[in-house]
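Just so you know, the sequences run in chain order A and B.
The working numbering applies: residue 22 is where the first sequence begins, and numbers increase by one.
The working numbering applies: residue 69 is where the second sequence begins, and numbers increase by one.
As structure tokens, the structure follows; a few thoughts come after it.
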Amino acid sequence: MWRVGLVFGAVAWFVSLAGLVEALHGRWVVDGVLSAGQVLLLAVLLASGWTAARRSSASLVGRLWAGLLAGATVGFCVGLLAWLRSLVDLRTMFVNASPALFQLLSGGRPARVAWAAAVAVGAGVGLAGAAGACAPARAVRPLLVGAAAALSLALFQELVLLVLQPEPLAPVRDWLFVAGGGPTAQGIAAVFAFSAALAALRQASRGRAGRVALPPRAQRVLWSVVGVLLLAALPIAGGPFVAQVLVIVGLYTLMGLGLNLEVGLAGLLDLGFVAFFAIGAYTVGLLTSVGEHGIAHWSFWAAVPVAVLVSLIAGVILGIPVLGIRGDYLAIATLGFGEIVRLLVLSDALRPWFGGSQGVLAIPKPVLAGFEFSGPQHLYYLTVVASAVVAYVAWRLQDSRLGRAWMAIREDEDVAEALGINLVSVKLLAYGLGAAFAGVGGAIFAVMVGSVFPHSFQLLISIQVLALIIVGGMGSIPGVIVGSAVLIGLPELLREFGEFRFLVYGAVLVAMMLLRPEGLLPAAAQRRELRAVEEEPVELARTPVGAATEGGA
Amino acid sequence: MAILVTRRMTKRFGGLVAIRALDLEVEERAIHSVIGPNGAGKTTLFNCVTGFYRPDEGEIWFAGQRVDGLRPDEIAHLGIARTYQNIRLFANMTALENVLVGLHMHLRSTWVGAVLASPAVRREERWAHAEARRLLEFVGLAGRGDLLARNLPYGEQRKLELARALATRPKLLLLDEPTAGMNPAETAEMIQFIRRLRDELGITILLIEHHMRVVMTISDRVTVLDYGEKISEGTPEQVQNDPRVIEAYLGTRKVKAEALG
Numbered sequence: 022m023w024r025v026g027l028v029f030g031a032v033a034w035f036v037s038l039a040g041l042v043e044a045l046h047g048r049w050v051v052d053g054v055l056s057a058g059q060v061l062l063l064a065v066l067l068a069s070g071w072t073a074a075r076r077s078s079a080s081l082v083g084r085l086w087a088g089l090l091a092g093a094t095v096g097f098c099v100g101l102l103a104w105l106r107s108l109v110d111l112r113t114m115f116v117n118a119s120p121a122l123f124q125l126l127s128g129g130r131p132a133r134v135a136w137a138a139a140v141a142v143g144a145g146v147g148l149a150g151a152a153g154a155c156a157p158a159r160a161v162r163p164l165l166v167g168a169a170a171a172l173s174l175a176l177f178q179e180l181v182l183l184v185l186q187p188e189p190l191a192p193v194r195d196w197l198f199v200a201g202g203g204p205t206a207q208g209i210a211a212v213f214a215f216s217a218a219l220a221a222l223r224q225a226s227r228g229r230a231g232r233v234a235l236p237p238r239a240q241r242v243l244w245s246v247v248g249v250l251l252l253a254a255l256p257i258a259g260g261p262f263v264a265q266v267l268v269i270v271g272l273y274t275l276m277g278l279g280l281n282l283e284v285g286l287a288g289l290l291d292l293g294f295v296a297f298f299a300i301g302a303y304t305v306g307l308l309t310s311v312g313e314h315g316i317a318h319w320s321f322w323a324a325v326p327v328a329v330l331v332s333l334i335a336g337v338i339l340g341i342p343v344l345g346i347r348g349d350y351l352a353i354a355t356l357g358f359g360e361i362v363r364l365l366v367l368s369d370a371l372r373p374w375f376g377g378s379q380g381v382l383a384i385p386k387p388v389l390a391g392f393e394f395s396g397p398q399h400l401y402y403l404t405v406v407a408s409a410v411v412a413y414v415a416w417r418l419q420d421s422r423l424g425r426a427w428m429a430i431r432e433d434e435d436v437a438e439a440l441g442i443n444l445v446s447v448k449l450l451a452y453g454l455g456a457a458f459a460g461v462g463g464a465i466f467a468v469m470v471g472s473v474f475p476h477s478f479q480l481l482i483s484i485q486v487l488a489l490i491i492v493g494g495m496g497s498i499p500g501v502i503v504g505s506a507v508l509i510g511l512p513e514l515l516r517e518f519g520e521f522r523f524l525v526y527g528a529v530l531v532a533m534m535l536l537r538p539e540g541l542l543p544a545a546a547q548r549r550e551l552r553a554v555e556e557e558p559v560e561l562a563r564t565p566v567g568a569a570t571e572g573g574a
Numbered sequence: 069m070a071i072l073v074t075r076r077m078t079k080r081f082g083g084l085v086a087i088r089a090l091d092l093e094v095e096e097r098a099i100h101s102v103i104g105p106n107g108a109g110k111t112t113l114f115n116c117v118t119g120f121y122r123p124d125e126g127e128i129w130f131a132g133q134r135v136d137g138l139r140p141d142e143i144a145h146l147g148i149a150r151t152y153q154n155i156r157l158f159a160n161m162t163a164l165e166n167v168l169v170g171l172h173m174h175l176r177s178t179w180v181g182a183v184l185a186s187p188a189v190r191r192e193e194r195w196a197h198a199e200a201r202r203l204l205e206f207v208g209l210a211g212r213g214d215l216l217a218r219n220l221p222y223g224e225q226r227k228l229e230l231a232r233a234l235a236t237r238p239k240l241l242l243l244d245e246p247t248a249g250m251n252p253a254e255t256a257e258m259i260q261f262i263r264r265l266r267d268e269l270g271i272t273i274l275l276i277e278h279h280m281r282v283v284m285t286i287s288d289r290v291t292v293l294d295y296g297e298k299i300s301e302g303t304p305e306q307v308q309n310d311p312r313v314i315e316a317y318l319g320t321r322k323v324k325a326e327a328l329g
């Protein structure tokens with residue numbers, strides 16, 4: 022058990038020395054009492070107790086003891102770090118090992134007292150984690166939901182405050198938040214209690230048979246109406262900053278939908294996907310710019326179809342040389358393509374046309390019937406409509422003859438070919454249509470920024486798009502949207518994470534692969550499958566108990 | 069009349085001759101078996117006929133047309149379908165989707181039509197789903213359409229592979245060890261099923277099989293390969309009594325027995 026503790030102790034060291042704890046310490050979860058940094062450490066402790074209890078096959082007392090021991094070990098590790106720091110200056114190696122961090126870890130007490138305190142606190146929290154692991158899921162889930170809601174309130178407090186800005190809402194605001202500070206204790210408690218109660222109620226009603234429910238069709242209509250209203254209201258309630266974040270989420274969604282055709286459906290790994298985004302952006306830039314590189318001074322609406330077409334053709338052109346390449350080699354070849362496009366527009370030889378590193382400037386905002394899409398709040402609606410159209414197209418394609426052929430070549434290219442599928446046309450369509458989707462995103466990006474530079478189209482974007490598909494669920498359209506909201510939207514909103522974005526990315530990706538390799542919202546086929554074998558999960562849920570008793574005996 | 073003909077067909081892998089100057093004629097509506105010890109070149113023959121491999125020498129003719137050198141999808145369009153020795157389904161697609169892929173070349177809808185959901189496309193999709201269900205029922209997989217192929221039990225995976233091959237509406241069906249891993253009852257059922265394919269659908273069957281009982285029961289004609297060469301051909305009785313065949317199958321053991329004795 023102490024081994025689990027050591028692993029989580031290492032995690033605690035890592036998040037502390039990487040600076041994550043201190044960065045989060047700047048944000049109150051309960052004003053003046055508990056910071057997000059402390060919550061992070063507590064979460065590590067809880068997780069250690071939970072994992073230790075889960076791994077142990079002993080009796081109830083034994084499992085609780087395992088959790089306590091693991092938590093104490095983590096506490097010991099944290100105390101050890103604080104003690105080490107009193108001996109040597111860790112800062113020469115770890116720039117983030119600041120006095121503030123150790124003030125937080127030791128609570129300002131002398132190292133030895135703090136050490137003992139850390140072990141005691143660790144043991145207690147570890148025990149709580151173990152209790153969570155031993156208790157039935159029905160009891161634990163509402164608590165988790167409540168904690169998640171309370172934490173969201175704390176992490177997104179700027180956002181909530183923005184929404185509560187209007188004067189009539191002032192009483193709610195003052196009740197939930199300390200003026201100029203974090204959430205109040207009563208506010209957090211209320212949010213926790215409310216969400217937990219809601220989750221418990223939902224859970225209780227699910228088991229009951231005769232509950233009142235609308236027919237599925239009406240439910241779907243109701244939810245779509247609520248969804249549309251929510252989408253329309255978001256930027257108005259959230260202001261320009263939120264709208265800006267949502268536009269970026271939308272652009273990644275557009276790219277994600279395109280790459281999803283290639284990777285998720287057709288299984289063609291593409292690491293140079295940003296190239297098509299760039300091509301869409303540059304096409305719109307060159308066609309509409311009123312600056313020196315503008316060639317046509319077209320309107321945005323005339324330029325978009327051309328941008329989509331040019332991206333599509335670029336996708337096909339990329340596709341032709343890599344038709345015969347499979348798997349890992351394909352990833353490398355496409356990686357090269359992405360870089361080629363970026364270096365071409367950056368090159369001095371083509372500077373007269375593409376502006377080199379200066380880029381194409383003075384791209385006017387789109388104007389529709391006298392209305393100018395000037396700020397992010399206007400562009401948001403443009404992005405939402407574009408995403409909706411593209412998602413619809415993707416959805417239609419997925420369930421079509423072509424979509425099935427894509428899946429077939431993903432599963433087994435040779436067999437698909439022996440069933441009469443022309444690999445050349447099917448693959449080129451995947452590259453072309455995927456690229457066209459990204460081209461739509463690029464077109465909006467160009468007018469959003471008002472200029473396009475080669476530096477906006479780094480390899481990193483391709484990687485992020487791939488990551489969001491994996492997190493969302495390969496081949497799943499809702500998965501793309503969720504993935505882009507989680508991987509792109511959240512880090513934008515959580516300013517503390519700015520610095521640690523890629524650390525969190527890595528952690529999230531590893532955790533996803535371990536815990537939920539099929540993604541957050543897996544593709545339709547898997548869901549249908551789950552519904553078809555509905556009886557089985559009941560048996561599965563029983564197994565751990567049986568295994569535990571066997572182990573105990 | 070022969071539907072499939074190979075003339076002096078040779079396939080080499082580096083220095084190894086997998087098939088040497090093979091002359092084979094498969095009569096229309098026959099059940100024709102290819103047997104031989106492991107490594108005799110049986111599966112290589114299938115791979116050459118379906119276009120996975122291009123023969124180094126010789127010709128392959130199917131239904132009066134030369135097919136060596138054509139791509140696998142072109143050959144599929146001419147009416148050749150196959151199953152695989154180690155089942156190769158689209159594992160992460162449902163059973164129904166597997167069959168729908170088999171119907172691919174009989175559907176006309178384009179991606180533009182699919183996006184616009186034109187009436188013609190919707191009609192065709194309805195027809196395709198009904199047809200796929202009918203095929204699943206035909207092979208005995210009624211009601212299993214929504215399961216992922218990888219979650220089907222072994223026997224049903226074999227059936228699904230057959231349904232998918234039948235969806236292409238082949239004139240010639242190549243079956244690579246269709247009864248491998250089956251118990252006697254399942255084997256008997258498979259024999260019945262193969263007969264039905266020939267008798268009801270008029271499909272010519274070319275079969276690789278190791279179960280001699282199966283081969284001798286259903287074959288109209290048997291070809292025996294050994295080290296890539298045809299060593300015998302004829303009715304099951306003729307082949308069974310051919311000394312060369314007995315030697316190919318038992319020869320090594322005899323030699324060993326003598327050496328040991």
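Glycine is no exception: its CB is placed at the ideal position from the N, C-alpha and C atoms.
Distance check for residue j and residue i, CA to CA, integer angstroms please.
i          : j          : result
Ile-482(A) : Phe-297(A) : 11 Å
Val-566(A) : Leu-542(A) : Any reading at Val-566(A) needs caution, since the residue's pLDDT is 37, under 50, leaving its predicted position unreliable; the model's value is listed next. Approximately 28 Å, taken between the alpha carbons.
Asn-219(B) : Leu-157(B) : 11 Å
Ala-239(A) : Tyr-413(A) : 21 Å
His-145(B) : Gly-441(A) : 6 Å
Ser-477(A) : Glu-313(A) : 20 Å
Leu-272(A) : Leu-330(A) : 18 Å
Ile-491(A) : Met-533(A) : 9 Å
Lys-298(B) : Asp-288(B) : 17 Å
Val-180(B) : Leu-450(A) : 11 Å
Glu-264(A) : Phe-466(A) : According to the sequence displayed, residue 264(A) carries Ala and not Glu. Straight-line Cα distance between these residues: approximately 14 Å.
Val-503(A) : Ser-107(A) : 45 Å
Using CA atoms only, rank isn't needed, just tell me which of the options is closest to residue i.
i          : options                                           : result
Ala-323(A) : Thr-304(A), Glu-313(A), Ala-214(A) and Leu-339(A) : Thr-304(A)
Val-134(A) : Val-99(A), Met-114(A) and Gly-493(A)              : Val-99(A)
Cys-155(A) : Trp-71(A), Leu-292(A) and Gly-396(A)              : Trp-71(A)
Val-468(A) : Val-525(A), Val-362(A), Leu-508(A) and Ala-302(A) : Ala-302(A)
Glu-125(B) : Ala-235(B), Arg-212(B), Thr-74(B) and Val-169(B)  : Thr-74(B)
Ala-74(A)  : Ile-484(A), Gly-504(A), Gly-150(A) and Val-146(A) : Gly-150(A)
Ile-286(B) : Asp-267(B), Tyr-295(B), Asp-294(B) and Gly-83(B)  : Asp-267(B)
Val-212(A) : Leu-280(A), Ser-69(A), Val-51(A) and Glu-360(A)   : Val-51(A)
Can you have a look at residue i and say buried or exposed, based on whether 16 or more other CB atoms are within 10 angstroms of its CB?
i          : result
Leu-551(A) : Note that Leu-551(A) has pLDDT 49, beneath the 50 cutoff, so the model's placement of it is unreliable and the number below is only indicative. Exposed.
Ser-245(A) : exposed
Glu-188(A) : exposed
Asn-106(B) : exposed
Trp-136(A) : buried
Suppose the cutoff is 8 Å on Cβ atoms and the five residues either side in sequence are ignored; what does the same chain contact list for residue i look like?
i          : result
Pro-246(B) : Thr-151, Arg-226, Leu-230, Met-258, Ile-262, Leu-275 and Glu-277
Ile-269(A) : Ile-509, Gly-510 and Glu-513
Mind listing the chain B neighbours of residue i? Cutoff is C-beta to C-beta under 7 Å, in chain order.
i          : result
Tyr-433(A) : In the sequence under discussion, the amino acid at residue 433(A) is Asp, which differs from the Tyr named in the question. Residues of chain B passing the Cβ test: Arg-156 and Phe-158.
Asn-443(A) : Asp-141
Val-414(A) : Val-183
Residue i versus chain A: which residues are under 8 Å apart at the beta carbon?
i          : result
Ala-185(B) : Arg-417
Phe-120(B) : Asp-435 and Ala-439
Leu-175(B) : Arg-422
Tell me which same chain residues have a C-beta within less than 6 Å of the C-beta of residue i, skipping the five on either side of it?
i          : result
Val-135(B) : Ile-128 and Ile-143
Ala-103(A) : Phe-123, Leu-126, Ser-127, Ala-132 and Ala-135
Ala-149(B) : Ala-233, Thr-236, Pro-238 and Leu-241
Leu-328(B) : Any reading at Leu-328(B) needs caution, since the residue's pLDDT is 47, under 50, leaving its predicted position unreliable; the model's value is listed next. Answer for Leu-328(B): no residue qualifies.
Ala-131(B) : Ile-71
Pro-163(A) : Ala-217, Ala-220 and Ala-221
Find the residues of chain B that neighbour residue i, judging by a C-beta separation of less than 9 Å, and give them in chain order.
i          : result
Met-428(A) : Phe-158, Asn-160, Met-161, Glu-165 and Val-169
Leu-450(A) : Trp-179
Cβ closer than 8 Å: which chain B residues qualify as neighbours of residue i?
i          : result
Arg-425(A) : Met-161, Glu-165, Leu-168, Val-169 and His-172
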